[in-house]
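Step one of this worksheet: look at the structure below.
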Amino acid sequence: MSWNSFKETLKPCTTIQSSFSQSSSISSYNFDTNSVNPRKPPKSSLSQQLLRLEDRSSLPQTQPPQTPNKQNHFDLKSKYEKSEEEEEEGEEEEEEKPVGFGRPKLDPLLLNQTGPYEPLVLSSSGQKPVVQVPASINCRLLEHQRAGVKFLYSLYQNNHGGVLGDDMGLGKTIQSIAFLAAVFGKDGDLPESTVSKEHPRTRGPVLIVCPSSLIHNWVNEFSKWATFSVCIYHGPNRDLMIDKLEARGVEILITSFDTYRIHGHILSDVDWEIVIIDEAHRLKNEKSKLYKACLAIKTLKRYGLTGTIMQNKLMELFNLFDWVIPGCLGTREHFREFYDEPLKHGQRSSAPDRFVRVADERKQHLVSVLHKYLLRRIKEETIGHLMLGKEDNVVFCAMSELQKRVYQRMLQLPEVRCLINKDLPCSCGSPLKQVECCRRTVPDGIIWSYLHRDNPDGCDSCPYCVVLPCLMKLQQISNHLELIKPNPRDDPDKQRKDAEFADAVFGKDIDLVGGHTQNKSFLGLSNVEHCGKMRALEKLMSSWVSQGDKILLFSYSVRMLDILEKFIIRKGYGFSRLDGSTPTGLRQSLVDDFNSSPSKQVFLISTKAGGLGLNLVSANRVVIFDPNWNPAQDLQAQDRSFRFGQRRHVVVFRLLAAGSLEELVYTRQVYKQQLSNIAVSGKMEKRYFEGVQDCKEFQGELFGICNLFRDLSDKLFTSEIIELHEKKRKEDGTHSKQDLSGMYFVPEKEITTASLVAPESSKHKEDEGTAVAPMLEHLGIVYAHRFEDIVDLGPAMMKEKKEHTVHLSNAPGQPKCSTVGKRKSDAITGKENVGTGNPIKMRKKNHFSLIACFMGMEEVQFSKWLLSATPAEREKVLKDYHKRRKDKIHDFNDNL
C-alpha cells in the first residue's frame, strides 16, 4: 500500500469531520480552562418565573430542553454580552440559539478535561529530593486545585499550618490528598505506590478529623487518587489502630469529631507529621471540648478545610486561626479591641465617618494578615466557565389569615409579655425592673410551668430560660400550624403541655384546624389553605415540573418534611426523601437514583442530614422552606446542587413568612454574611443596620430579646430597611435607578412601589407596580429580592472608582445616555479596583441601558417591551443597534 493510500485510509469519516475539528483544541492535553468561557445565560428575574405560571397552560407538557417557542425575555441581553472592544474591532455578532427556561447545556468535554500527563513539581529548583505530585494525580487536577496544592506545600515548607477556605464543591479533599501524595513521595503509576527510595521514611503519620458522615468519603477518595495505608479510628475496634500506629503501619488515620473529642488524649501522644481538620469551622468555640482536645495536638503543621470560615461572629475567625497558627492574630483581647469592635461599629448604618474610616483600615490590615495563611476561592472565579451560574431569590410569603391570628395570640402569652416588658419598672412600686422583682418567674405561663414542673420556684436563669422554647414555637407557627400540635412520639407530659399550648394560641379558631390533636387526615395535611408558604410553593412547583426541572426541597423539621411529603404525593410528583433516620449506607444509593431517574422530580431533604457530602447536580431548583440562624447552613444546602458537574442554571428560592420572626432570622443572616465578607474577603458592604452584635448600647433593629418578640405584622420589616438604605444613598448622591432591579413589591397603603424606585423612572412606576404586583399577590408573595443584590456589592457603591465614560450620540428627540467602561488592559487581565462590583454584571447592565436609550425608552419601559416583543422584533432591534454603533465608530474614525 502506498503512503498516500495509507493516509486516505486513516482519514476520519466525513460525518464527524466537522465536529472533530471543532473539538480538537478542547481535547488536547494542553487544555486551558481560562480560554474557554461559554456565555452564561442572564439571571432570570422573579417576574419571569411568575410569568411562566400564567403561560404554562399554553406550553406542551413534553417540551424539549431548548425550544424557540418559549424564550427567556432577557435573551436580548445574552446576545450583546460581547465587550465594547470586540465591537470596535468590527467582529461579527455570533448567532445564538434561543435559551429556554429549562435546560441550557455545556459541552461535556468541558466537564471531563484533563491536564498534561506530567508531575507537578512543588519543591524549589535544585532541592533534593524532588517533591512532586504524581503525574497520575496531576493530570486529573483542575488549575485552581494545582494552585491549592502549591499553597499547602508552601505552608508545609515553612513549618506552619493554614486554612484552605475554598468554596464548597471546589475539591478541598482532592487538593489535600494530592498534597499528601507529594509530601510522602507517592508514585501513583505503581500498583504498590510505595514511598520513593529518595524519601526515607522519617515522617510521622497524618491525622484527619472530620464529621462521621464524611469518614467513608475520605477513604473512598484516598482509594481513587493514591495508595496510602489508611485506617479508621472510629467504632468498637478503634483500639486496634493504636497498635498499628506504634508499629508504624499507618500512614493516614481518620477519625470523627466526636471520637476525637472523647479519646483525643490518647491520640495527642502520637507525633503527627500533619493534622487536617475537615469542616474546620467546628473549631469556632474556644470553650468546647473539641477545641480544647485539638489544642493538645503537638505538631505545628495544622491545616483546616472549610468553605465557611466565619459563621456567626468575628471571634470565631480568631479561634480557628489561633488553633491553626497560634499567635498569628495576637491575643484574644487584642483581636477583640483591634479588629472585632471597630469592624462591627464601622458597619453600623449611622456610624460616624471616623468609625467607618478606622473600620476600613483595620479590615485591610486583617485581610493582609489572613492571606498569608488563608487561600479562598469561589466558584465564579475558578470553575465559573464550566457552570451556568446560580440565582438566590429570597421570597417573603404572606402568612394565611389564620396563621396571623395564631401568631398574634402567641405574642400575648404571659411568658412572651414577661420577656418584652422585662426592663420596665415593676408594678409593685419597687425601683427594680420587672425581671428583677415580681416577674422573674411566670407561674401562669404554659411553657414556663412545664419547664419548671419539678421546681416551682424557678431556676437561676429565669425568665430567660423560656426564650428558646418561645422562639421555636414562633418559627413553627410561621411554617405550618400542625407543627405546634402535640407530637405522638413525645412523652405524655409534653403532649399534654403542647395540647394546652395549642388550645391557648388557636383560641376560637380551634375547629378550623381540626382541634388541638395532630391531624391524621391525608387531605387535611396536604391542604395549602392555612399555610402561606405552601400556597406559594404549590404554584411555583407546578411551573417547574411542567418544564422538566428537578427540585431539592430542604427543611430543618422532620415533621415539616412529613407534611411536605403528603403534599407532594397529593400533587402526583415522583420523589425521594433523606433525613436523619435514613441509614448511612442507603444515602448514596438514594442520591444516585435521584440523579439518574427522570421520574424522580423532587428530593425531600432534612437540612441537618443533607448539609454535607451530597452531590445532587441533576437538580436545578432548590427550595429552602425554613431559614436557619446560621447562614452557612442555608448556603451548604444550596451547594448540594450548585457544584462541579452542574450543567444547568441553578435557581434557589428561600421561603420566609412575611411579618414573622423569620424576617429577623434572615436579616441577621445578612448581617453575619456581611461581616464575613468584610473580614475574610475585604469587601465593602452596604450598611443597612443600626444594631451591633453583642453590644447592649446599639441593639438597634436586630438584637435583643425585645426585637426577637417584636410584632412585625403591620410593616414590611426587611423592605423598609432596604428602602431606608436607598434613601440615604440618594441623599448622599450615590443613588442609582438600577439598584432595585431585582426587587419586587406588592403595593400597600404605607409602602408602595412608587416609594421604592428612582426619580428617573417615576412616570413608569405605577405601571411597574401594577405589572408585577398581581402576579405576586396571586401567589401570596409580599416582597422578593435576590440575595446577591443585598449582600454583594452593587455598582452604585463605586464613588472612589475612576470612571471612564463613553457618550453616544442619540437620534433626535432621544435622551442622552452614558455607560461606565473599563480600560482594555483591565478587561483582559480581569483586574478590578477595590470596592467595585462585578465587571461582567456591570457591562451587561450598561449594554442594557444603551439599547434602552437607543429605543428611546427608560429601562423599566424597555424591560416590559422585551416581555411582549416577538423574537423577530428583538433580533431586528439588536441588528439596528449594532449597525448604528458601527456607523458611529466609522464616522468617528473618518473625522480623525
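Taking our numbering, the leading residue of the sequence shown gets 160, the next gets one more, and so forth. Just so it is clear, CB atoms sit at the ideal spot from N, CA and C, and this is done for glycine as well. Since this is a predicted model, take the numbers as computed values, not measurements.
For residue i, is the beta carbon positioned less than 8 Å from some heavy atom of the ligand HEM?
i    : result
G466 : Of ligands this structure carries none, so the ligand HEM is not represented either.
Rounded to the nearest angstrom, how far is the Cβ of residue i from that of residue j, given a contact under 8 Å?
i    : j    : result
R535 : G324 : 4 Å
I722 : E641 : 6 Å
V368 : F338 : Not quite, the Cβ-Cβ distance comes to about 17 Å (not below 8 Å), so this is no contact.
V378 : E410 : V378 to E410, Cβ: 13 Å. No contact.
I940 : V554 : 6 Å
D326 : I537 : 5 Å
E860 : I880 : 7 Å
N787 : K709 : Actually they are not in contact, since the Cβ atoms of N787 and K709 sit about 23 Å apart, beyond 8 Å.
V776 : V811 : With 8 Å as the limit, V776 and V811 do not qualify as a contact, their Cβ atoms being about 14 Å apart.
Report buried or exposed for residue i, applying the criterion of at least 16 other Cβ atoms within 10 angstroms of its Cβ.
i     : result
T221  : Bear in mind that the predicted position of T221 carries a pLDDT of just 40, short of 50, making it unreliable; the figure below should be weighed with that in mind. Exposed, because fewer than 16 other Cβ atoms sit within 10 Å of the Cβ of T221.
A1011 : buried
K692  : buried
F681  : exposed
K983  : At K983, the pLDDT of 30 sits below 50, so the modelled position is not reliable; the number obtained from the coordinates is stated separately. When all chains shown are included, K983 counts as exposed.
E550  : buried
C597  : exposed
L412  : buried
T465  : buried
C629  : buried
S835  : buried
Y276  : exposed
L610  : buried
E1018 : buried
E909  : Here the model assigns E909 a pLDDT of 34, short of 50, so the residue's position is not dependable and the matter cannot be decided.
C618  : exposed
R807  : buried
K1042 : exposed
K845  : buried
I421  : exposed
L583  : exposed
K1045 : exposed
C587  : exposed
R694  : buried
N318  : exposed
Step through the CB atoms of chain D and report whether any lies within less than 9 Å of the CB of residue i.
i    : result
K383 : No chain D is part of this structure, which consists of one protein chain only.
Pull the bridge partners of residue i from the DSSP assignment, please.
i    : result
V389 : I411
Q291 : V280
S735 : F762
G505 : None, per the DSSP bridge assignment.
L711 : F762 and V781
Y462 : G321 and I435
V365 : I411 and I433
Hey, could you find the ends of the beta strand (DSSP E) residue i is sitting in?
i    : result
L479 : L479 -> not in any beta strand (DSSP E); alpha helix (DSSP H) instead, spanning L473 to V483.
G321 : G321 to L323
D657 : Element bounds for D657: not the beta strand (DSSP E) but the alpha helix (DSSP H), P651 to F665.
I468 : Per DSSP, I468 belongs to no beta strand (DSSP E) and is neither H nor E.
Where do the N-terminal and C-terminal ends of the alpha helix (DSSP H) with residue i fall, by residue?
i    : result
E550 : No alpha helix (DSSP H) holds E550; the beta strand (DSSP E) holding it covers K549 to A557.
L642 : Neither: L642 is in no alpha helix (DSSP H) and is coded neither H nor E.
I336 : K331 to V342
Q706 : Q706 -> no alpha helix (DSSP H), and no H or E assigned at all.
W788 : First-last for W788: undefined, no H or E at that position.
M400 : D398 to E405
L442 : Premise fails: L442 is in no alpha helix (DSSP H) and is neither H nor E.
G546 : Note that residue 546 corresponds to Met in the displayed sequence, not to Gly. Element bounds for M546: n/a, residue is neither H nor E.
S756 : Per DSSP, S756 belongs to no alpha helix (DSSP H) and is neither H nor E.
G423 : F416 to L426
C865 : I864 to L867
List, from N- to C-terminal side, the alpha helix (DSSP H) runs of 4 residues or more that fit wholly inside the region 566-593. If we require 4 residues or more, the alpha helix (DSSP H) runs fully inside the region 566-593 come out as 573-579.
Residue ranges of each beta strand (DSSP E) run of no fewer than 3 residues wholly in the region 791-849, ordered along the chain? Correct list: 809-817.
At 4 residues or longer, what runs of the alpha helix (DSSP H) sit wholly inside the region 488-533? DSSP runs (the alpha helix (DSSP H)) wholly in the region 488-533: 491-494, 500-505 and 512-529.
For the region 596-622, which segments carrying the beta strand (DSSP E) assignment without a break, of at least 3 residues, lie completely within its bounds, in sequence order? Within the region 596-622, no complete beta strand (DSSP E) run reaches 3 residues.
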